[in-house]
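To keep things clear, I will list the structure first and then write my remarks on it.
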Amino acid sequence: MWDEGVSLFNAHVNETFRLRAMLFCTINDFPAYGNLSGYKNKGMKACPTCEEDTQSKYISECHKYEFLRTRRLLRRDHPYRKMKTTFDGNVKMDVARRALTGKEVYEQVKGVETVFGKSVKDKGTTGLWKKESVFWKLPYWKDLPVRHCLDVMHIEKNVCEAILGTLMNIPGKTKDTKGVREYFKSKGLRPELWPQTSGNNRTKEMETGGAKTKGKGKGKGKGKEKGNDKGKKKTHYLPPACYTLSKLEKRLFCECLYGIKAPSGYSSNMKRFVSLNGELKLTSMKSHDCHVMMQTFLPIAIRGIFPKHELANEYPSKGERELTQLHNREFIKWFQDKVMGELEVAGNTVCETVQYLALGLWEAVQSYQGYDVNGYTFWTERQDQKSLSVQNSGVSLVASSREYASSKDGSPVDAELSYYGRVQDIWELKYGTKLTVGLFWCKWADNNKRCVKRDDPCGFTLVDLGRFLETEEPFILVSQAKQIFYITDPADKKWSIVVPGKRNILDVSDVEDEDEYDAFDDTPPFTNPETEVTNNVDNDTNYMRSDHTE
């Protein structure tokens, strides 16, 4: 199909062409990966990416291999790299080896002798490959960047079964076994989970003492070695981990799943998988059922069981207000993941400023009492109080935001709001060695209608500086700030009149003359109200004040 192809007729252009077919990858689970590729994906060097660079250790308590240095496969700024106690007590900052090309892999496989049947294990002398795959006979196979792919749905099914088995402590399915606890004990990790010789009946593992040997003579039964205690049993109690459900919680979990009624075609009938009589467990789920369980049903079923601080509320369906809050919390991590992902793709370029932002802040933050920006000179309020004639701490910001009528409002509206406040502190953040970002930490006056008057008959804006806004976002970029100053309203000292500041001409482009600047930045401190013109003229107006005689 690749060399010769098939001749077909294209009716659209009224001509024939030769159609060729190719196999560009295989999709399979991990055991089949070894069969199709010929790589020995079992034992000490099971990783087909690391190959000889794989570091592993056999755990006798679990009869499994522990693969070390796996954190090097993560991106360089991943938080797992700096975790010590969660892993092996060390920080891992080394990087993974480069993935081999198809031609490099073929040079390793070429000439490997295929041995049919079950071979005798010869540790330390056998290579990484057990055969030369038949796929290498394809002329294009060594030119493919990826030749074998793992089935995501199959992996998700295995992960789902492992999570459910561990949560519900299902024998044979849970990953939290006595061997794992014994390994913790040998390493001195998590002593509260070590096996205990206790009479507690909640979770027990039975171990019969004494080795069994074949009996001699006419009786061919099995007997006990001399010196062993006949019939002696030793019980081990495994303390329940923080993720292990109690019997009541298991029932609540299963009843929740049992009562789910989904739309047609959404998922299989969950009642068929849930066992409520006798053993509380889930069985016979297919790959798609496990996918729906992991993505939708599992977070719902456990939300009424686990404490709130244990739940990761990553639900696909949230209101707009919840999504905005979630976006604000998760944006930094998403931004770092996005930039690092772009850098890992060959040929992609990311501007230096974005790279510095993604790497995060330096720990040291520089603080100032004054700052020149946008043609203004800003001071902190503390610095303002030292001067009897200068006020440089006033700041204003016009921001676009979503307004909600109430906490249950699902239809917010976009609006531009003006905020007025005073600069409390000035921070300068450093990203890398070249990027510097200035921030103003401000105390903002409450901007509701009771605290800000914009309908003054004279057109002034009045602010009550005695009432402040309770906000989790007091910072603004220095580039966003406009300078204002406040004058106490003589008519009512509770209010302060907002007056716009005036910028320095040195920071205004193409402006060199003071009069030219006045024309450029002639911002009135108030809005002129429209005066209604009438034809009625009052000729009896009294122009003399009669309330005092001074």
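Using my numbering, read the sequence shown as starting at 26 and increasing by one per residue. Positions of the beta carbon are idealized from the N, C-alpha and C atoms, including for glycine.
Environment of residue i [buried if 16+ CB atoms lie within 10 Å]
i, result
"Ile522", "buried"
"Met118", "exposed"
"Ile325", "exposed"
"Arg206", "buried"
"Phe42", "exposed"
"Tyr444", "buried"
"Met178", "exposed"
"Asn302", "exposed"
"Gly136", "exposed"
"Val130", "buried"
"Leu386", "exposed"
"Trp404", "buried"
"Ser418", "buried"
"Arg528", "buried"
"Lys67", "exposed"
"Lys70", "buried"
"Thr152", "In the sequence under discussion, the amino acid at residue 152 is Gly, which differs from the Thr named in the question. Under this definition Gly152 is an exposed residue."
"Tyr401", "buried"
"Gly213", "exposed"
"Val524", "buried"
"Arg172", "buried"
"Pro104", "exposed"
8 angstroms Cβ cutoff met for residue i and residue j
i, j, result
"Glu406", "Val448", "yes"
"Ser62", "Ser211", "no"
"Lys109", "Asn115", "yes"
"Thr260", "Thr222", "yes"
"Trp506", "Leu490", "The sequence given here places Ala at residue 506; Trp does not occur at that position. Cβ atoms of Ala506 and Leu490: not closer than 8 angstroms."
"Ile509", "Phe465", "no"
"Val503", "Tyr393", "no"
"Val134", "Trp161", "yes"
"Glu369", "Val375", "no"
"Lys459", "Tyr381", "yes"
"Glu441", "Ser421", "no"
"Tyr208", "Cys87", "yes"
"Ser300", "Asp314", "no"
"Asp78", "Gly127", "no"
"Thr191", "Lys200", "yes"
"Pro305", "Met193", "For clarity, residue 305 is Leu in the given sequence; the question names Pro instead. For Leu305 and Met193, yes; Cβs fall inside 8 angstroms."
"Leu163", "Leu48", "yes"
"Ile198", "Pro220", "A small correction: the amino acid at residue 198 is Lys; Ile does not occupy that position in the sequence shown. Going by C-beta atoms, Lys198 is not nearer than 8 angstroms to Pro220."
"Val423", "Gly463", "no"
Own chain partners of residue i with C-beta closer than 6 angstroms, once the 5 adjacent residues on each side are dropped
i, result
"Leu44", "Gly30, Val31 and Leu33"
"Ala46", "Met26"
"Arg100", "Met365"
"Met318", "Cys185"
"Lys296", "Tyr283"
"Lys518", "none"
"Lys333", "Residue placement at Lys333 is flagged as unreliable, the pLDDT there being 45, under the threshold of 50; the coordinate-derived value follows with that caveat. Excluding sequence neighbours, Lys333 sits near nothing in its chain."
"Ser312", "Met178 and Lys182"
Close beta carbons around residue i, own chain, < 7 angstroms, minus the five adjacent residues each side
i, result
"Tyr83", "Tyr90"
"Leu384", "Asp102, Tyr456 and Gly457"
"Pro515", "none"
"Asp481", "Leu487"
"Lys156", "Gly63, Val137 and Thr139"
"Gln416", "Asp409 and Phe510"
"Glu40", "none"
"Ala266", "Asp201 and Leu218"
"Ile52", "Cys174 and Asp176"
Contacting residues, own chain, Cβ-Cβ under 8 angstroms from residue i (five flanking each side not counted)
i, result
"Thr513", "Trp520, Ser521 and Ile522"
"Leu468", "Reading the sequence as shown, one finds Lys at residue 468 and not Leu. The answer, listed in chain order, is Glu406, Gly446, Arg447, Gln449, Phe493 and Pro499."
"Trp154", "Gly63, Tyr64, Lys65, Gln133, Val134 and Val137"
"Val120", "Arg97 and Arg101"
"Ser309", "Arg297 and Phe298"
"Asp113", "Leu93"
"Asn35", "Thr41 and Phe42"
"Val379", "Val364"
"Gln80", "Phe92, Leu93 and Arg94"
Distance between beta carbons of residue j and residue i, contact taken as under 8 angstroms
i, j, result
"Ile357", "Phe322", "30 angstroms between Cβ atoms; not a contact."
"Cys174", "Cys50", "5 angstroms"
"Asp581", "Asp176", "In the structure displayed, the chain extends from 26 to 575; residue 581 sits before or after that span and is not available."
"Ile330", "Phe278", "6 angstroms"
"Pro264", "Glu217", "6 angstroms"
The ligand PLP heavy atom lying under 7 angstroms from the CB of residue i
i, result
"Val379", "Annotation note on the ligand PLP: not contained in the displayed structure, which lists no ligands."
| Stretch-stretch touch, CB-based, cutoff 8 angstroms, three pairs: the stretch 86-95 with the stretch 184-194 | no
| request: Evaluate contact between the stretch 471-487 and the stretch 451-460, counting only Cβ atoms and requiring at least three cross-stretch pairs below 8 angstroms. | output: Three or more Cβ pairs closer than 8 angstroms define a contact, and the stretch 471-487 falls short of that threshold against the stretch 451-460.
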